[in-house]
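Protein chains: 2
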Amino acid sequence: MKNTIQLTVDAVVFGYESGNISVLLVKRKYEPYKNAWALPGGFVLENENLEQAVERELSEETGVKINYLEQLYTFGDVARDPRGRVVSIAYFGLVKPNAFKLHASTDAQKAEWFNIAQLPKLAFDHKKIVQIAIERLQGKITYEPIGFELLDKRFPFSDLEKLYTTLLGREIDRRNFKKKITSLKVLDELDEKVSKGRGRPGSLFSFNQKRYFQLKKAGIIFEI
Amino acid sequence: MKNTIQLTVDAVVFGYESGNISVLLVKRKYEPYKNAWALPGGFVLENENLEQAVERELSEETGVKINYLEQLYTFGDVARDPRGRVVSIAYFGLVKPNAFKLHASTDAQKAEWFNIAQLPKLAFDHKKIVQIAIERLQGKITYEPIGFELLDKRFPFSDLEKLYTTLLGREIDRRNFKKKITSLKVLDELDEKVSKGRGRPGSLFSFNQKRYFQLKKAGIIFEI
DNA sequence: GTATATTTGCGTATCATATACGCATATAAT
DNA sequence: ATTATATGCGTATATGATACGCAAATATAC
Chain B
1 MKNTIQLTVD AVVFGYESGN ISVLLVKRKY EPYKNAWALP GGFVLENENL EQAVERELSE
61 ETGVKINYLE QLYTFGDVAR DPRGRVVSIA YFGLVKPNAF KLHASTDAQK AEWFNIAQLP
121 KLAFDHKKIV QIAIERLQGK ITYEPIGFEL LDKRFPFSDL EKLYTTLLGR EIDRRNFKKK
181 ITSLKVLDEL DEKVSKGRGR PGSLFSFNQK RYFQLKKAGI IFEI
Chain F
1001 MKNTIQLTVD AVVFGYESGN ISVLLVKRKY EPYKNAWALP GGFVLENENL EQAVERELSE
1061 ETGVKINYLE QLYTFGDVAR DPRGRVVSIA YFGLVKPNAF KLHASTDAQK AEWFNIAQLP
1121 KLAFDHKKIV QIAIERLQGK ITYEPIGFEL LDKRFPFSDL EKLYTTLLGR EIDRRNFKKK
1181 ITSLKVLDEL DEKVSKGRGR PGSLFSFNQK RYFQLKKAGI IFEI
């Protein structure tokens, strides 16, 4: 009676590139939902922790190694999987997409990035899981500087601004946004400048994680 | 290999009464950790959803029926349970403690409320689970009006204020706090007044849930 | 009965922060 | 040389947070 529930992990991994937020999906090799797109994930092994299971499955099915990972939610409805009772612990991850070459194997035929506005039909209850992950991303970005996980180590300020307008889905005043971020002192301005097409060249910035943790310890919140 | 992981739910249920925040615990009847205090909870049955499992276990072990319940976090470290690999989905609940007479049965010898500042030694990793739940409670109360779940239907304003000072662990200006809550228009002022000992009698208030959901839909956040 | 302590209810002054927006500067395209 | 575009810096105004004063209504002490 107790021992018939199976346990899986699934990962909703977001990437960002020049105004595009995408999710990492795999094409299933086996039944059920053979040939359908799904979140990377699979069964938890008895001798590994949950985070290890997610990282292993991600690595196996997509070749991606994650730099930011947190637990999202556990989905356990009785009928969510046709194979029987399967409870899945979903994780939420962020990577810089151009940092990895996708490489599918084991249970996946293919691994691909999909724009979150143009997702294919998804297996199981994965559509719902992605929706909840998107809400988490949008909510979280307003009070924690997780956005930096999606940008290159060194980036022009306009990249950060573009990321925020994309994620929040609304315009933000460029000058006030810069004032706010600058006042937090979590960015280091580098000497180097870059010119992107037209316009005055801008400085490159990098995220000062040390400074951020100091602020966080002191109880200061990052708020947009 | 797949089928040896077992699944449980645990509930961290908070109650509040006149300046005291307490957690509901049960004394274990069987091994492991026989006679130790632990969170109410137990194995998930194959044909019930996770929320149903929590509510069933709470009802069986303590007699409490919950009015506010949300998922907290899933704990899955390999060695967290001496019986083998047991993954537990923890829930977070709020009740008005005087609304129920505690009644232990099945796996519990006893069920009792404990002040969060004076908890006994707990079984498994339940101390950690309680800590995370307390952080969630303190964080959540500043941006969602969950505090009302802990008060009677009709309450004097000073009860709400006391609850917040207790939960936040700091003094708040009584007049500014009232202005802030009043401006949200989520409270209905009733005609009735109560006198608690000395001092001018105050109106009773009730929480207008309908109005709150309207505000929430419109994107307005409750913030202390 | 009168004075005092206590709690409630309502107000206003001040300070900090968010928002709106003006404008000079440095580059690419025409 | 001119125009379009992106950057960098500034200031005025509106909004909201905080500090705090004080009258009203009650219980308690004398």
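Protein chains in written order, with our numbering: chain B, 1 to 224; chain F, 1001 to 1224.
Backbone N, C-alpha and C define an ideal beta-carbon position, used for all residues, glycine too.
| Query | Result |
| --- | --- |
| Within the continuous beta strand (DSSP E) that includes residue 73/B, where are the two ends? | 68-75 |
| Please state the DSSP three-state secondary structure of residue 1222/F. | coil |
| On the premise that residue 72/B lies in contact with residue 150/B, defined as a C-beta separation below 8 Å, what is that separation, rounded to the nearest angstrom? | Not a contact, Cβ separation roughly 17 Å. |
| Just to make sure I have the definition right: I need the residues of chain B whose C-beta is within less than 8 Å of the C-beta of residue 1033/F. Which are they? | Here the premise fails: no neighbours, minimum Cβ distance about 18 Å. |
| Specify, as a first and last residue, the run of the alpha helix (DSSP H) that residue 134/B falls within. | 126-140 |
| Just by C-beta distance, which residues in the stretch 74-85 of chain B are closer than 7 Å to chain F? | 74, 76, 77, 78, 85 |
| Put residue 1/B into one of helix, strand or coil per three-state DSSP. | Its pLDDT being 44, under 50, residue 1/B is placed unreliably in this model, and the coordinates cannot settle the point. |
| Please specify which runs of the beta strand (DSSP E), each continuous and at least 3 residues long, are wholly inside the stretch 176-208 of chain B, giving them in chain order. | 187-194, 202-207 |
| On the three-state DSSP scale, how would you describe residue 174/B? | helix |
| Measure how close the beta-carbons of residue 1040/F and residue 1061/F come, nearest whole angstrom, since I'm counting them as under 8 Å. | 4 Å |
| Among residues of its own chain, excluding the 5 on either side of residue 1066/F, which ones have a beta-carbon nearer than 7 Å to its beta-carbon? | 1013, 1055, 1058, 1093, 1095 |
| Would DSSP call residue 55/B helix, strand or coil? | helix |
| Is residue 1018/F buried or exposed, if buried means 16 or more other CB atoms sit within 10 Å of its CB? | exposed |
| Using CA atoms only, rank isn't needed, just tell me which of 121/B, 79/B, 116/B is closest to residue 135/B. | 116/B |
| Does residue 47/B come out as helix, strand or coil in the three-state DSSP assignment? | coil |
| Which residues mark the beginning and the end of the beta strand (DSSP E) in which residue 88/B is found? | 86-94 |
| Can you tell me the Cβ-Cβ gap for residue 1222/F and residue 1144/F, rounded? I've got them flagged as a contact below 8 Å. | 6 Å |
| Since residue 1028/F sits in a beta bridge, which residues does DSSP pair it with? | 1108/F |
| Thinking C-alpha only, which one of 1020/F, 1004/F, 1011/F is nearest residue 1167/F? | 1020/F |
| Is residue 1088/F closer than 7 Å to residue 1010/F when the C-beta atoms are compared? | yes |
| Return yes when the Cβ of residue 1114/F is within less than 7 Å of the Cβ of residue 1215/F, no when it is not. | no |
| In whole angstroms, what separates the C-alpha of residue 1123/F from that of residue 1079/F? | 13 Å |
| Within 7 Å of any Cβ in chain F, is that where the Cβ of residue 50/B sits? | yes |
| Using C-beta distances below 7 Å, list every residue in its chain close to residue 38/B, excluding the 5 sequence neighbours before and after it, in chain order. | 25, 26, 28, 122, 123, 124, 126 |
| Strictly by DSSP, which residues pair up with residue 6/B? | 86/B |
| Determine the DSSP secondary structure at residue 1033/F, reduced to helix, strand or coil. | coil |
| List the residues of chain B that residue 1007/F touches, going by C-beta distances under 7 Å, in chain order. | 5, 7, 87 |
| Report, in whole angstroms, the separation of the C-beta atoms of residue 158/B and residue 202/B, which I expect to be a contact under 8 Å. | 6 Å |
| Buried or exposed: where does residue 1022/F fall if 16 or more other Cβ atoms within 10 Å of its Cβ makes it buried? | buried |
| Where do the N-terminal and C-terminal ends of the alpha helix (DSSP H) with residue 1162/F fall, by residue? | 1157-1168 |
| Does residue 144/B have its Cβ less than 7 Å from a Cβ in chain F? | no |
| Measuring CB to CB, does residue 69/B end up less than 7 Å from residue 1076/F? | no |
| Mind checking residue 85/B: buried by the 16 CB within 10 Å criterion, or exposed? | buried |
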